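Take the sequence shown: its letter number 418 is residue 418 in the UniProt record's numbering, and every next letter is one higher.
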Amino acid sequence: MNSVTEFYRTLSNDLQKLIVDVNESKIFNIKVGKHPHVENFRAHSNILMVRSPYFKDKLSTQAIIDSVDENNMIVDIIQEIDAESFPVILRYIYTGVADLSTLDAQGLLNMLIGVNILQLEELSYHLQDYLINKYSNWIQQNYVQILSKISKNQENFAKISFYCFEKIGENPISLFSLKDFTKLNDDIFYIILDQETLQCDEVIVWEALIKWSIDQSPNIKEKSNNDDIFNTSNWNDETFDKLKNIVDKFIPCIHFFEISSSDFYGKIRPYRKILSPETYEEILAYHMKETKRKSTKLWPRLGKIDSEIIKSKQATSITNLIGNHYSLQNKKKISFSLLYRANRDGFNPGIFRNQCNDQGSSLALIKLDNGKVIGGYNPLGWMKIDPKDKNDYSKSFLFSFDPNLDIRSMKCVSVKTPIFAFNNQNQQALHFGTSDLIINGKTGTCIVKDFQNPIVNTRNFNIDNIEVFADEII
């Protein structure tokens with residue numbers, strides 16, 4: 001990626017504003033950086049105002065206009081902007097040229113923070129792309145610094161923020177092995193642990209949570225055994241209570257049933273006092289009796305799902321429903337492969353049948369025009385029904401949820417007449433029950449008959465998109 005980029009169109013558009021705004025330009029004295037690295041820069045107020053929303057707001061207030069120095073120049077002090085990178089920013093403001101060749105990765109990150117303060121959106125996007133393309137290795141060695149600096153305004157750093165979280169998901173150990181990872185603030189750390197795309201053994205995530213939590217309290221850290229953090233023999237109830245207060249919000253992020261029995265005994269049991277009695281008993285019962293799991297964190301992290309309708313976390317909850325119907329045991333994963341997407345392939349039953357028939361068990365997702373999501377699971381696949389296989393049909397179910405609400409509010413409806421769980425007539429794309437869920441193009445109907453309850457509260461509804469996935473237990 002070229003280190004020198006020209007943004008002449010934006011410069012031209014901004015400078016045209018000076019034709020309308022003919023106010024007298026004043027010299028603006030800008031002091032940037034923190035002691036002892038403070039530097040002074042001079043610029044024309046009119047140029048700054050048309051190029052930077054920050055300076056426009058600043059120079060529009062009487063207070064800043066009145067703050068003149070002994071040379072009758074307006075003065076502004078911006079400690080958060082790095083003095084080394086500001087000349088590059090100032091040149092961009094005046095010329096529309098972003099010459100990044102003089103800055104290393106650290107300098108570019110510092111510049112990005114300054115660019116965000118000055119609200120130079122175009123340059124911010126360019127800087128993030130440049131850092132990602134040219135300094136990807138440096139980014140992965142400096143996750144903590146980067147995420148800490150952008151944590152308060154993640155929406156303004158969407159590209160680099162997404163890149164960091166995506167790479168951490170692919171290789172969480174690259175973060176957890178950093179000496180300073182415990183310096184991440186709790187909001188960022190929560191986002192990381194809550195990702196369904198974390199690709200590592202779950203016990204490693206648990207270990208990272210314990211290390212991070214211990215490091216948040218000097219008192220707990222003092223009692224901790226640095227050589228073996230799972231040796232809590234000298235801990236008292238007060239220490240466990242302090243740790244519990246730190247850990248509590250993160251417990252739902254841990255998929256405990258992915259952790260082996262030996263690791264449960266050696267790495268979870270020593271910290272049983274920071275878990276609720278109900279959670280601990282459920283995990284204990286699972287390992288001792290292989291009882292059916294009850295909590296929402298039943299399944300291994302799903303990873304990515306190629307869906308425009310749901311997110312990975314919602315897919316994991318649906319996976320739980322499938323798993324419960326099959327009574328699958330620990331370490332079993334379900335992967336999804338996209339077969340059909342109506343927005344891409346067309347709202348046509350023929351296309352649906354061509355791409356979904358005889359593909360085995362499948363998951364259907366339907367996004368309604370009100371934003372809600374409904375769907376159904378077909379355990380046999382879209383093919384000719386054999387009445388002799390009626391027991392298999394009982395594993396079919398329908399579900400619905402509002403993406404804006406807690407996923408635990410998801411509604412699941414079981415089939416009560418298994419032989420009529422789904423209909424493979426070619427006239428409709430999707431047909432569950434005799435009339436429980438029928439999709440025709442961009443409209444659908446729901447008249448409860450063969451399932452326990454209606455999946456939507458209206459007989460007729462409109463559809464924004466449909467996706468069908470083949471599922472595979474691995």
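Using N, Cα and C, we set each Cβ at its ideal position, and we do this for glycine too. As the structure is a prediction and not an experimental result, all values here were calculated from the model.
Distance, Cα to Cα, residue i vs residue j?
i           : j      : result
Lys58       : Thr279 : 53 Å
Asn462      : Pro454 : 16 Å
Arg272      : Glu282 : 12 Å
Ile419      : Gln195 : 38 Å
Phe336      : Asn226 : 41 Å
Gln119      : Gln106 : 20 Å
Asn354      : Asn457 : 31 Å
Thr434      : His287 : 41 Å
Glu222      : Ile274 : 18 Å
Phe432      : Ser177 : 49 Å
Gln140      : Cys164 : 7 Å
Gly266      : Trp206 : 12 Å
Asn29       : Asn110 : 21 Å
Gly346      : Ile334 : 27 Å
Gln154      : Leu175 : 19 Å
Tyr209      : Gly376 : What sits at residue 209 in the sequence shown is Leu, not Tyr. For Leu209 and Gly376, the distance between alpha carbons rounds to 36 Å.
Ile259      : Glu202 : 6 Å
Asp228      : Pro270 : 11 Å
Asn378      : Ile305 : 18 Å
Tyr40       : Val32  : It should be pointed out that residue 40 corresponds to Asn in this sequence rather than to Tyr. Approximately 7 Å, taken between the alpha carbons.
Leu108      : Lys159 : 15 Å
Asp241      : Phe264 : 20 Å
Pro53       : Ile168 : 34 Å
Gln199      : Asn156 : 27 Å
Glu472      : Gly381 : 12 Å
residue 533 : Cys356 : Only positions 1 to 474 of the chain appear in this structure, which leaves residue 533 out of reach.
Ser60       : Leu112 : 25 Å
Ser276      : Ala421 : 39 Å
Met216      : Cys253 : First, the residue type needs correcting, since residue 216 is Gln and not Met in the sequence shown. Gln216 and Cys253: Cα-Cα distance of roughly 18 Å.
Gly350      : Ala342 : 12 Å
Asn423      : Ser312 : 29 Å
Leu284      : Ile268 : 10 Å
Phe397      : Thr197 : 26 Å
Asn370      : Ala315 : 20 Å
Rank the options by C-alpha distance to the C-alpha of residue i and give the top, closest one.
i      : options                        : result
Tyr393 : Asn225, Ala105, Asp450, Ala429 : Asp450
Asp406 : Lys372, Ile438, Ile419         : Lys372
Ile38  : Ile27, Pro87, Asp14            : Residue 38 is actually Val in this sequence, not Ile. Among Ile27, Pro87, Asp14, the Cα nearest to that of Val38 is on Pro87.
Lys34  : Gln79, Asp345, Gln128          : Gln79
Tyr92  : Lys31, Ser335, Leu48           : Leu48
Asn460 : Gly441, Phe469, Asn156, Tyr265 : Gly441
Asn2   : Arg42, Leu100, Ile447          : Leu100
Ile188 : Ala98, Val144, Ala364          : Val144
Asn236 : Gln140, Asn219, Ile251, Gln141 : Asn219
Ala470 : Leu437, Ser361, Ala315         : Ser361
Arg344 : Leu437, Ser276, Ile309, Asp76  : Ile309
Met383 : Pro252, Val415, Asp358, Ser317 : Asp358
Lys179 : Glu170, Leu198, Lys211         : Lys211
Ile146 : Asn185, Glu121, Glu170, Gly169 : Asn185
Thr443 : Cys412, Asn348, Ala421         : Asn348
Gln468 : Tyr340, Phe250, Lys411, Asp402 : The amino acid at residue 468 is misidentified as Gln; the sequence shows Val. Comparing Cα-Cα distances from Val468 to each of Tyr340, Phe250, Lys411, Asp402, the minimum goes to Tyr340.
Leu368 : Lys149, His126, Asp402, Ile351 : Asp402
Taking the DSSP output, what are the residues bridged to residue i?
i      : result
Phe461 : Gly444
Lys411 : Ser400
Ile30  : Phe41, Asp76
Gly96  : Answer by DSSP bridge pairing: none, since Gly96 is not bridged.
Gly375 : Leu365, Phe399
Leu430 : Ile439
Phe469 : Leu338, Leu363
Glu282 : Glu282 pairs with nothing; no bridge assigned.
Phe86  : In DSSP, Phe86 forms no bridge with anything.
Thr5   : Ala98
Phe451 : Val415
Phe422 : Phe432
Between residue i and residue j, how many whole angstroms is the CB-CB distance? I'm expecting something under 8 Å.
i           : j      : result
Ser124      : Asn133 : Ser124 to Asn133, Cβ: 15 Å. No contact.
Gly96       : Tyr8   : 5 Å
Val50       : Leu15  : 7 Å
Leu338      : Phe399 : Not quite, the Cβ-Cβ distance comes to about 19 Å (not below 8 Å), so this is no contact.
Ala429      : Ile374 : Between Ile374 and Ala429 the Cβ distance is about 14 Å, and since that is not below 8 Å, they are no contact.
residue 520 : Ile173 : Only positions 1 to 474 of the chain appear in the structure, and residue 520 is not among them; the question remains open.
Ile365      : Ser307 : Before going further, note that residue 365 is Leu rather than Ile in the sequence given. Rounded, the Cβ-Cβ distance is 7 Å, consistent with contact.
Leu193      : Phe250 : 6 Å
Using 6 Å as the cut-off, classify the Cβ of residue i as near or not near the heavy atoms of the ligand NAD, replying yes or no.
i      : result
Pro252 : This structure lacks the ligand NAD; in fact it carries no ligand of any kind.
Which runs of the alpha helix (DSSP H), 4 residues or longer, sit entirely within the stretch 308-371? 312-326, 342-345, 349-356
Going residue by residue through the stretch 170-258, where are the continuous beta strand (DSSP E) segments of at least 3 residues, counting only ones entirely within it? none
Which runs of the alpha helix (DSSP H) at least 4 residues long sit entirely within the stretch 126-169? Give them in chain order. 136-141, 143-150
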